[in-house]
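Undergrad: Numbering-wise (UniProt numbering), the sequence shown opens with residue 1 and increments by one.
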Amino acid sequence: MALKEEQLSASIKTKNMTLIQAITDGLGTMLEEDERVLLLGEDIGKNGGVFRATEGLQERFGQDRVMDTPLSESGIIGTSVGLAVNGFKPIAEMQFFGFIYPAYEQIMTHVSRLRMRTMGRYTVPMVIRAPYGAGIRAPEIHSDSVEALFTHMPGIKVVCPSSAHDAKGLLIASIEDPDPVLFLEPLKLYRSVRDEVPEGKYMVEIGKGKKVKEGEDVTLIAWGAMVQVAMKAAEQAEKEGITCDVIDLRTLYPIDRDIISESVQRTGRAVIVHEAHETGGVGNDIVSIINDYSFLYMKSPIERIAGFDVPVPFFALEEHYLPTSARVYHAIKKTVNF
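#1: Since A92 and I77 are thought to touch, with beta carbons under 8 Å apart, how far apart are those beta carbons, to the nearest angstrom?
#2: Does DSSP put P102 in a helix, in a strand, or in coil?
#3: Is it buried or exposed, T69, if we count other Cβ atoms within 10 angstroms and call 16 or more buried?
#4: Please list the segments of the alpha helix (DSSP H) lying wholly inside the segment 63 to 135, counting only runs of 4 or more residues, in order along the chain.
#5: Put G283 into one of helix, strand or coil per three-state DSSP.
#6: Just to confirm the assignment: which complete beta strand (DSSP E) runs, minimum length 3, are found wholly within the segment 295 to 328?
#7: Which partner residues does V273 have in the DSSP bridge list?
#8: For R191 and T18, I'd like the C-alpha separation in whole angstroms.
#9: A134 and E278 look like a contact to me (Cβ under 8 Å); what is the Cβ gap, rounded to whole Å?
#10: Could you tell me which of M30, M67, E35, L27 sits nearest to E42, measuring between CA atoms?
#11: Please classify residue 349: does DSSP put it in a helix, a strand, or coil?
#12: In this structure, how does DSSP classify Y190 when only helix, strand and coil are distinguished?
#13: Just list the residues that DSSP pairs C244 with in beta bridges.
#14: Where does E147 sit, in a helix, a strand or coil, going by DSSP?
#15: Measuring alpha carbon to alpha carbon, tell me which residue in A234, V193, Y202, V282 is nearest K211.
#16: Measuring only the C-alpha atoms, how far is T243 from G26?
#17: Using the Cα positions of T324 and V124, report the straight-line distance between them to the nearest angstrom.
#18: According to DSSP, is F61 part of a helix, a strand, or is it coil?
#19: How is L40 classed by DSSP in three states: helix, strand or coil?
#20: Tell me, to the nearest whole angstrom, how far the beta carbon of L114 is from that of V85; I am working on the premise that it is less than 8 Å.
#21: Rounded to whole angstroms, what is the Cα-Cα separation between P178 and Y122?
#22: Short of 7 Å in beta carbon distance, which residues of its chain neighbour I100, apart from the five on each side in sequence? Order them along the chain.
#23: Is it a yes or a no for the segment 102 to 116 touching the segment 149 to 161, going by three-plus beta-carbon pairs under 8 Å?
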């Protein structure tokens, strides 16, 4: 039986892992436990995937469960839908989030709608893993952060871990979910973060955010690689006596409205940080949530720090595109001095 996050105790054995190692461990754990779990993707078998997330899994579990597919994202998703409605639990890998566009039609018109379309007769228990985001100096399209395209469509959940512990726990929860989940993996954090990860099976609840830092003056809301940027800005502000609540949303659909409201109603100020383009970004939904539930508590306008409204630029300009802790720090000061 899988343990939920709150059930974990210090007595459980852990291992220090990077985020990518935690994902591999989570995939191996579920392949071991449930024969219905299958992996599909381009070069995920012998080569272990472009980032080696599936390294060694085909050797352990065979070609019938860890399958190399043709170069066809729509084919991978379409095949996964067929497997899911026939009792399997497919996990489809997109090499990069920016490669998902050919599969967009399958996801929007089939993956997200089959439960509704069949009046609950069929669910689609599948996971789509997608490495996303900038910061590793990848070529064009490889660094896109277009999560808002998918949070707009009810029927598919969207999660995004920022630590190795949460990556494994959220991945297992996604595989166990009866409905489809888009699992976003921040490229910049694959090998740059590591923490203690419990051995065996455990789950981090989908739809629940996490407070990673306590403060009283400003609420910072972020996810994925931007959690580290928010933390760095909060530490800088603390040197001037400004303390920040830092919230890692972990799930972008459905968003944890309670954790946002509790924090914002206490601090009266909010700064939202995401690397996706500002226009149409998930940050807009968070502004609406704050307005709907916490407007009368606010002491200053909400600030958003996001990627600029341009395609993610080539690597020479990539760092100028991404939100920095300096920009977040400036926004913190602006809310406090309003």
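The C-beta atom is built at its ideal place from N, Cα and C for all residues, glycine as well.
TA: Well, looking at it:
#1: 6 Å
#2: helix
#3: buried
#4: 73 to 85, 114 to 117
#5: helix
#6: 303 to 307
#7: Per DSSP, the beta bridge partners of V273 are I305.
#8: Approximately 5 Å, taken between the alpha carbons.
#9: Contact doesn't hold; Cβ gap of about 15 Å is too wide.
#10: Taking each of M30, M67, E35, L27 in turn and checking the Cα distance to E42, the smallest one comes out for M67.
#11: One cannot answer for residue 349 here, as it falls past the ends of the chain, which runs 1 to 338.
#12: coil
#13: V218
#14: coil
#15: A check of alpha carbon separations from K211 across A234, V193, Y202, V282 identifies A234 as the nearest.
#16: 35 Å
#17: 38 Å
#18: Looking at F61 - three-state DSSP - the assignment turns out to be helix.
#19: strand
#20: 7 Å
#21: 10 Å
#22: Within the same chain, E73, M94, A130 come within 7 Å of I100 by CB-CB distance, once the 5 residues on both sides are set aside.
#23: yes
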